[in-house]
Amino acid sequence: MLHEQKVVVIGGSSGIGLESAKEVIARGAEVIIASRSEEKLQHALEQLGPRATAHVLDTTQEKQVQEFFAQVGTFDHLIVTAAETTGGAFLQTETAQARQLFENKFWGQYYAAKYGAPHLSPNGTITLFSGVVAYKSMVGSSALGAVNAAVSNLGQTLALELSPIRVNVVSPGIIDTPSRSKMPEDTRQQFYATVGNKLPVKRVGTAQDVALSVLYLLQNSFVTGTVLHVEGGHILV
Ligand SMILES: NC(=O)c1ccc[n+]([C@@H]2O[C@H](COP(=O)([O-])OP(=O)(O)OC[C@H]3O[C@@H](n4cnc5c(N)ncnc54)[C@H](OP(=O)(O)O)[C@@H]3O)[C@@H](O)[C@H]2O)c1
Numbered sequence: 001m002l003h004e005q006k007v008v009v010i011g012g013s014s015g016i017g018l019e020s021a022k023e024v025i026a027r028g029a030e031v032i033i034a035s036r037s038e039e040k041l042q043h044a045l046e047q048l049g050p051r052a053t054a055h056v057l058d059t060t061q062e063k064q065v066q067e068f069f070a071q072v073g074t075f076d077h078l079i080v081t082a083a084e085t086t087g088g089a090f091l092q093t094e095t096a097q098a099r100q101l102f103e104n105k106f107w108g109q110y111y112a113a114k115y116g117a118p119h120l121s122p123n124g125t126i127t128l129f130s131g132v133v134a135y136k137s138m139v140g141s142s143a144l145g146a147v148n149a150a151v152s153n154l155g156q157t158l159a160l161e162l163s164p165i166r167v168n169v170v171s172p173g174i175i176d177t178p179s180r181s182k183m184p185e186d187t188r189q190q191f192y193a194t195v196g197n198k199l200p201v202k203r204v205g206t207a208q209d210v211a212l213s214v215l216y217l218l219q220n221s222f223v224t225g226t227v228l229h230v231e232g233g234h235i236l237v
């Protein structure tokens, strides 16, 4: 189904985006990955092989996003995992930091959908990324929760407006990806063990867990306007 399809993964140089790129390539697709760091892109290309190409792109720069899609031309699927997220206690967090979160994770995805959609084939898809803190309030996640909720809502409305292109949103829970690499290794493992033990599935997620849900959304032509929760039952506990 994905054989010889052209898939754009913005955020494809790391974590869930990189794993999604691997999964679609394994099914015969051609992939364009994009993110800000040339070094990360090169490292990802070494893992993805000859069916992948890379573009340096910062999704917070509207004009850059527009030019990027003009260069890409017609394609079949858009996956946007690009995000740099932060947290912090509401009263102690600088407003600028909260605005930056919206700038990066909300407006980045908004621009990608806006300028990517006109180049998508009619039976194409857009997959955006929200996150569990939109659905389970957590201390320190006021701005990120709001950003994620905004992305989910955007995706659902776009499923109506961009039809017949299918638009879906993935909402991951706690996933072991390089996004948490700033945490010291032992603290990170302790965090994963503590969170994992509380979840019905008894572990945190992997990038591949989420990539498999992306594959499902690309391939199931009866699914649009959904928010797919891939979080090991986190909302329930
Ligand atoms: N991991 C989790 O536990 C978790 C939980 C809930 C939701 N999510 C969501 O899932 C998605 C993927 O997360 P992940 O864990 O895979 O993160 P990740 O490993 O940090 O990957 C994020 C990617 O986004 C790129 N990026 C960041 N800002 C960008 C920008 N302005 N323009 C272009 N590219 C940008 C980064 O590359 P460059 O640095 O090269 O730009 C990187 O390739 C995100 O939306 C995240 O919020 C993750």
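For the sequence shown, position 175 (counting from the first letter as 1) is numbered 175 according to full-length UniProt numbering, and the numbering increases by one without interruption. All C-beta atoms, glycine included, are put in the ideal place defined by N, C-alpha and C.
Residues near residue i by beta carbon distance below 7 Å, same chain, minus five either side
i: T86; result: Q97 and L101
i: G73; result: H119
Cβ neighbours of residue i in the same chain (closer than 8 Å, five flanking residues each side left out)
i: V223; result: R166, N168, Y216 and L217
i: Q47; result: L18 and K22
Close Cβ partners of residue i (< 6 Å) along its chain, the five nearest in sequence each way excluded
i: P164; result: P122
i: A149; result: A134
i: V7; result: V24, A29, V31 and H77
i: D188; result: It should be pointed out that residue 188 corresponds to Arg in this sequence rather than to Asp. Cβ within range, chain order: R180.
i: V195; result: I174 and V204
i: T226; result: N168
Buried versus exposed, by CB contacts within 10 Å (16 or more), residue i
i: I235; result: exposed
i: K182; result: exposed
i: L160; result: exposed
i: Q92; result: exposed
i: N104; result: buried
i: T95; result: exposed
i: Q109; result: buried
i: F129; result: buried
CB contact flag (residue i, residue j, <8 Å)
i: G173; j: V80; result: no
i: T53; j: W107; result: no
i: I16; j: T127; result: no
i: L162; j: A117; result: yes
i: V170; j: V214; result: yes
i: E19; j: A207; result: yes
Near ligand 1: residue i beta-carbon under 7 Å from a heavy atom
i: L212; result: no
i: P178; result: yes
i: G233; result: no
i: P122; result: no
i: A207; result: yes
i: R36; result: yes
What are the uninterrupted segments assigned as alpha helix (DSSP H) that are 4 or more residues long and contained completely in the segment 52-138, given in chain order?
-> List check, alpha helix (DSSP H) in window: 62-72, 95-101 and 108-116.
Unbroken beta strand (DSSP E) runs of length 3 or more, entirely within the segment 132-175: which are they?
-> 166-172
Where are the alpha helix (DSSP H) runs, 4 residues long or more, that stay fully inside the segment 183-219, in chain order?
-> 185-198 and 207-219
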